[in-house]
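Position one of the sequence shown corresponds to residue 1 (UniProt numbering), numbered consecutively onward.
Note that beta-carbon positions come from the ideal geometry of N, C-alpha and C, so glycine has one too.
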Amino acid sequence: MKTAAKMAVLAAAALVALILGVGVGSVFIPPDEVCAILVHFLFGMPLPEGIDPVYPSLVFNMRLPRVLMAFLTGAGLAVSGTVMQSVLRNPLASPFGLGVSAGAGLGAALVIVAGVSSGLLGAFLLPAVSLCFALATVVVVVGFATRLDRSLSNTTIVLTGMVASLFLNAIMSLLSTLSPLYAQQISLWTLGSFSSKEWSQVAVLAPVTLLCTLFFLRFSREMDVMTFGEEQAQAMGVALRRMKWVLIVAIAVLTGTATAFVGIIGFVDLIAPHVVRRFFGAAHRRVIPAAALFGGAFMVLCDLAARTLVPPREIPIGSITALIGAPFFIYIYFAGRRRR
1 MKTAAKMAVL AAAALVALIL GVGVGSVFIP PDEVCAILVH FLFGMPLPEG
51 IDPVYPSLVF NMRLPRVLMA FLTGAGLAVS GTVMQSVLRN PLASPFGLGV
101 SAGAGLGAAL VIVAGVSSGL LGAFLLPAVS LCFALATVVV VVGFATRLDR
151 SLSNTTIVLT GMVASLFLNA IMSLLSTLSP LYAQQISLWT LGSFSSKEWS
201 QVAVLAPVTL LCTLFFLRFS REMDVMTFGE EQAQAMGVAL RRMKWVLIVA
251 IAVLTGTATA FVGIIGFVDL IAPHVVRRFF GAAHRRVIPA AALFGGAFMV
301 LCDLAARTLV PPREIPIGSI TALIGAPFFI YIYFAGRRRR
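Here is the structure:
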């Protein structure tokens, strides 16, 4: 099957996942009615007779913002994971290894412990502080790695990020211990959730995800070269240190923005790149858009499982992705050892 046909199939599967995400819930909305409601909102077409008058409001005000946030988060994490694995030439690399999640988690914990995480102020203060802490952590990690190793080797980046993550997680654990009233809220935030998402949050995450994805596509040739090794990349004219800085900061912006709004959701950035590369090869101009579609659809389906498996309770989305991702991580690790 040609690449264009594969991409079309993947796009169709992502569309089906979006329709399922909007239609399935405590109140089931048939797929044809979901499509009719979406067409009504997008193009102003009249609604067919017989549609429950509650459905349009339910779709537009509650389900669609949540589903779009899930799709955008999954797409952003998948693209970030794809780029990160190429930059570090490590199939197990993750943006969270840079300290993004630990920094965002510490920022969120500070806002929660300060008692200003609720209400209208908290709705934007918490993600804003989380994003600032995530970006600051990555800048410090890469800056410190540069001081330790002027060539900014992959090993130095990974080890520095690991140390920073452990240190920040220790501070966050200390905050939870010293503030038992907020410990559960901090714990729930670190497991991720798409509940109570609004259009204002979609309006922030959508352009960030789109612009960062286009930015990575702009450097797809350089990333293709980097996968062959640092020496060959430098021989072919890639300014390796500068390119790593640029790509890692962009990864931090994309991952940090998503994490700031929904909490820490792991393994999507690990699963999506491997699945997509199996079908689309290694060229980043194909892998990046495919990873965005696959990651978005995967996250929507995981969120669907999180809110429908044990109704009326909702499973933290991070638990769902971990149940799928942990065995996948082990498979990748041992498959890589067998190939060596």
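Within the same chain, Cβ atoms closer than 8 Å to the Cβ of residue 270 are found at 81, 92, 94, 325, 328, 329 and 332, the five residues on either side in sequence being excluded.
For residue 112, the enclosing alpha helix (DSSP H) has its first and last residue at 100 to 113. Residue 227 is positioned such that its CB atom lies closer than 8 Å to that of residue 86.
Boundaries of the alpha helix (DSSP H) harbouring residue 56: 54 to 58, taken from the DSSP string.
Residues of the same chain with a CB within less than 6 Å of the CB of residue 48, apart from the 5 flanking positions on each side, are 36 in chain order. In the DSSP assignment, residue 6 falls within the alpha helix (DSSP H) that extends over 3 to 23. CA-CA distance, residue 50 to residue 33, rounds to 10 Å. Counting along the chain, residue 45 sits inside no alpha helix (DSSP H), nor does DSSP assign it H or E at all. Across the structure, residue 275 and residue 281 are spaced so that their CA atoms are roughly 10 Å apart. Counting along the chain, residue 255 sits inside the alpha helix (DSSP H) bounded by residues 240 to 262. Each residue's CA atom was taken as its position, placing residue 23 and residue 10 some 20 Å apart. Taking every protein chain shown into account, the CB of residue 321 has 16 or more other CB atoms within 10 angstroms, so this residue is buried. Short of 8 Å from the beta carbon of residue 72, and not among the five residues preceding or following it, lie these beta carbons of its own chain, in chain order: 202, 205, 206, 209, 258 and 296. Our two residues, residue 123 and residue 117, have alpha carbons roughly 7 Å apart in a direct line.
Using a Cβ-Cβ distance cut-off of 8 Å, the region 103 to 110 and the region 131 to 145 are in contact, since at least three pairs of beta carbons, one from each stretch, lie closer than that value. With 16 or more other Cβ atoms from the protein chains shown falling within 10 Å of its own Cβ, residue 189 counts as buried.
With a cut-off of 8 Å on Cβ pairs, the region 59 to 77 is in contact with the region 287 to 304, counting three or more such pairs. For residue 209, the enclosing alpha helix (DSSP H) starts and ends at 199 to 218. Here the alpha carbons of residue 317 and residue 6 stand approximately 28 Å from one another. For residue 183 against residue 176, the beta-carbon gap comes to about 4 Å, under 8 Å, which counts as contact.
Selection 110, 263, 234 and 13 evaluated against residue 191 yields 263 as nearest (Cα-Cα).
Sequence-distant Cβ neighbours of residue 149 in its own chain, meaning closer than 6 Å and more than five residues away, are 156. In the DSSP assignment, residue 29 falls outside any alpha helix (DSSP H) and carries neither an H nor an E. Minimum Cα-Cα distance from residue 273 among the listed residues 62, 41, 83 and 65 corresponds to 83.
The criterion of a C-beta distance shorter than 8 Å is not satisfied by residue 215 and residue 252. In the DSSP assignment, residue 97 falls outside any alpha helix (DSSP H), carrying neither H nor E.
At the C-beta level, residue 303 and residue 21 come within 8 Å of one another. Between residue 162 and residue 230, the alpha-carbon positions lie close to 22 Å from each other. In this structure, residue 300 sits near residue 18, with a CB-CB distance shorter than 8 Å. Shortest Cα-Cα distance from residue 154 to any of 174, 88, 164 and 108 involves 88. Apart from sequence neighbours up to five positions away, the residues of its chain that approach residue 65 with a beta-carbon distance below 6 Å are 197, 198, 199 and 202, ordered along the chain.
With 16 or more other Cβ atoms from the protein chains shown falling within 10 Å of its own Cβ, residue 244 counts as buried. DSSP places residue 271 inside the alpha helix (DSSP H), whose first and last residues are 268 to 280.
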